[in-house]
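In my numbering, the protein residues as written are 27 to 489. As structure tokens, the structure follows; a few thoughts come after it.
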Amino acid sequence: MYGRGNKVWAEMEELCLQSVPPAANAMVASAVKEKLGELNKDSFVTLLTKLIGESKYVQNNPPDLIPEEDRIVRHVLDSLLPLSTTTAGGPLIVNHVTYKSNRGNLIVEYPGTEPGKIISFVGMHMDVVTANPSEWDFDPFSLSIDGDKLRGRGTTDCLGHVALVTELMKKLGQTKPKLKSTVVAVFIASEENSSIPGVGVDALVKDGLLDKLKHGPLFWIDTADKQPCIGTGGMIPWKLHVTGKLFHSGLAHKAINPFELAMEALKEIQTRFYRDFPPHTKEQVYGFATPSTMKPTQWSYPGGGINQIPADCTISGDVRLTPFYNVPDVIKKLNEYVEDLNTNIEKLDTRGPVSKYVLPDENLKGRIEISFDEASSGVACNLESRGFHVLCQATKDAVGHVKPYSITGTLPLIRELQDEGFDVQTAGYGLMATYHAKNEYCLLPDMCQGYQVITGIISQLEE
27 MYGRGNKVWA
37 EMEELCLQSV
47 PPAANAMVAS
57 AVKEKLGELN
67 KDSFVTLLTK
77 LIGESKYVQN
87 NPPDLIPEED
97 RIVRHVLDSL
107 LPLSTTTAGG
117 PLIVNHVTYK
127 SNRGNLIVEY
137 PGTEPGKIIS
147 FVGMHMDVVT
157 ANPSEWDFDP
167 FSLSIDGDKL
177 RGRGTTDCLG
187 HVALVTELMK
197 KLGQTKPKLK
207 STVVAVFIAS
217 EENSSIPGVG
227 VDALVKDGLL
237 DKLKHGPLFW
247 IDTADKQPCI
257 GTGGMIPWKL
267 HVTGKLFHSG
277 LAHKAINPFE
287 LAMEALKEIQ
297 TRFYRDFPPH
307 TKEQVYGFAT
317 PSTMKPTQWS
327 YPGGGINQIP
337 ADCTISGDVR
347 LTPFYNVPDV
357 IKKLNEYVED
367 LNTNIEKLDT
377 RGPVSKYVLP
387 DENLKGRIEI
397 SFDEASSGVA
407 CNLESRGFHV
417 LCQATKDAVG
427 HVKPYSITGT
437 LPLIRELQDE
447 GFDVQTAGYG
457 LMATYHAKNE
467 YCLLPDMCQG
477 YQVITGIISQ
487 LEE
């Protein structure tokens, strides 16, 4: 069973909260939370208005659209520099790190009193996916407000989170609570497209600028729906190129039809994939909506007349892999499937009395080739982590319930952080239904609850 079955989620809620400490130090946590208060809605909306006003210039789709994340950085700095050691007496420590012109990252630190005790909020990225204004019901590149809806490209993913965490750091700078833990916010460039490397969090990790974040939980703030996202999928983009023999469709016995060969080959490849990578028992523990899947999503061929069987075609698609299987193992198996099919191509099912994949008189055989674009691995968050348990408790306190979820969408950057030794937990306060969608929006009450979750995390970790 996949999805949120009652029994599975009752067990998950028990797991979420089982390690939360008793309220012996509740007074300390309560004092911190009271000092940080609630989200300043007016300040948040004012900042978000400025950020969405820049969204046209931070669309990420190279080579046509290369974002200028420093446009976002500028507004964040306007909010935080007056409370920083850079221009005032502190307490915020601000580090603007740039690897490509106009494409900066921003690391903001509120120092705690105990060395090595740290909490970080990472992943609030300052680029967005593209938007075509002609397809929207409102201007995607300016904030509009409809009741509780805050509308525009980036409100859910992820400029809304940039504004949210900026407001958190601003409140820390203003109220100056005495915290044991250092609180770090990392606003990043280049999350939506990785075709230009060495710009964002990958470069920050490579240069060791995030190393100290390994000493405490790292919360990646870039998912949706106010609940902990505890699992994501890996992705293996693939292309299946099939070569047949071009001929007149009225003389089909003289052709090798690449469409028929492609369909039968793909059917066999999928059958073997689901045999070798079946639903994993841990998928129910993590509440994955689906198991691993392999499916076609695109089909192309060189063109030609309706009465012409083409010489070749290409089917493209992806594997979405739950994190309990290894990407290299899947790629190895897919290559083995194709090699075996080419060796035994005459054993594949055909379609009709003259359909064939071998022409012995011409010494011709159809051929299948598989290739892969850049693959990424999924993530299974550590369910024993202190960070996971405080996130669950803070979510229950702020939202009223906690139901962690997992999807086979990809967040490749957090797997890389996990592999580097970071304790990564993920959450977000936009809407999954509008993620990367036309007419994107978030809800102001959800962002207010998100602020309460984050301050709840900070206050609990003072215990």
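Even for Gly, the Cβ is constructed at its ideal location relative to N, Cα and C. These figures come from a predicted structure and were not determined experimentally.
What would DSSP say about residue i, mapped onto helix, strand or coil?
i: ARG129; result: strand
i: GLU19; result: Outside the displayed span of the chain (27 to 489) sits residue 19, for which this structure offers no information.
i: GLN398; result: Reading the sequence as shown, one finds Phe at residue 398 and not Gln. PHE398 falls in the strand class under three-state DSSP.
i: LEU235; result: coil
i: ALA49; result: Because ALA49 carries a pLDDT of 48, less than 50, the predicted location of this residue cannot be relied on, and the following value inherits that uncertainty. Of the three classes helix, strand and coil, the one that applies to ALA49 here is helix, per DSSP.
i: CYS474; result: helix
i: ARG177; result: strand
i: THR258; result: strand
i: SER220; result: coil
i: VAL148; result: strand
i: LYS196; result: helix
i: LYS373; result: helix
i: PRO243; result: strand
i: SER381; result: coil
i: ILE483; result: helix
i: HIS274; result: strand
i: TYR136; result: strand
i: ALA55; result: helix
i: HIS315; result: Before going further, note that residue 315 is Ala rather than His in the sequence given. Three-state result, ALA315: coil.
i: THR111; result: coil
Using a 10 Å radius around the Cβ and a threshold of 16 neighbouring Cβ atoms, would you call residue i buried or exposed?
i: ASN370; result: exposed
i: GLU397; result: Before going further, note that residue 397 is Ser rather than Glu in the sequence given. With fewer than 16 other Cβ atoms within 10 Å, it is exposed.
i: ASN389; result: exposed
i: GLU290; result: buried
i: SER318; result: buried
i: LEU103; result: buried
i: VAL16; result: Not covered by the structure: residue 16. The range shown for the chain is 27 to 489.
i: PRO471; result: exposed
i: ALA459; result: exposed
i: ALA250; result: buried
i: ARG377; result: exposed
i: MET283; result: It is Asn, not Met, that sits at residue 283 in the sequence shown. Result: buried.
i: GLN478; result: buried
i: LEU277; result: exposed
i: GLU372; result: exposed
i: GLU488; result: buried
i: ARG97; result: buried
i: GLU294; result: buried
i: ASP344; result: buried
i: GLN324; result: exposed
i: HIS427; result: exposed
i: ASP338; result: buried
i: LYS464; result: exposed
i: THR421; result: buried
i: GLY142; result: exposed
i: GLU218; result: buried
Following the continuous beta strand (DSSP E) through residue i, name the residue where it begins and the one where it ends.
i: VAL154; result: Counting along the chain, VAL154 falls outside any beta strand (DSSP E), and DSSP gives it neither H nor E.
i: SER170; result: 170-172
i: LEU77; result: Careful: LEU77 lies outside any beta strand (DSSP E), inside the alpha helix (DSSP H) at 67-78.
i: LEU469; result: 467-469
Looking at the secondary structure, which residues open and close the alpha helix (DSSP H) in which residue i lies?
i: VAL212; result: Segment 208-214 is the beta strand (DSSP E) holding VAL212; no alpha helix (DSSP H) there.
i: TYR300; result: 284-302
i: GLN310; result: 307-312
i: GLN253; result: Looking at the DSSP string, GLN253 is not in any alpha helix (DSSP H), and its letter there is neither H nor E.
i: VAL568; result: Given a span of 27 to 489 for the chain in the structure shown, any question on residue 568 remains unanswerable.
i: ILE92; result: First-last for ILE92: undefined, no H or E at that position.
With a Cβ-Cβ cutoff of 8 angstroms, do residue i and residue j count as a contact?
i: HIS274; j: ASN333; result: yes
i: ILE144; j: LYS238; result: yes
i: ILE433; j: GLY259; result: yes
i: PRO430; j: ILE256; result: yes
i: THR181; j: TYR467; result: yes
i: LEU347; j: ILE262; result: yes
i: LEU417; j: GLN451; result: yes
i: ILE357; j: ALA401; result: yes
i: ARG412; j: PRO159; result: no
i: PRO254; j: ALA453; result: yes
i: VAL227; j: ASP153; result: no
i: LEU292; j: PRO336; result: no
i: ALA215; j: GLY130; result: yes
i: VAL99; j: LEU107; result: no
i: ASP423; j: GLY482; result: yes
Between residue i and chain C, is there a C-beta pair that is closer than 8 angstroms?
i: ASN131; result: As a matter of chain content, chain C is missing from the structure shown, which is built from one protein chain.
| request: Kindly provide the ranges of any alpha helix (DSSP H) runs that are 4 or more residues long and lie completely inside the stretch 419-455, ordered along the chain. | output: 438-445
| Fully enclosed by the stretch 324-366, which beta strand (DSSP E) runs are 3 residues long or longer? | 338-347
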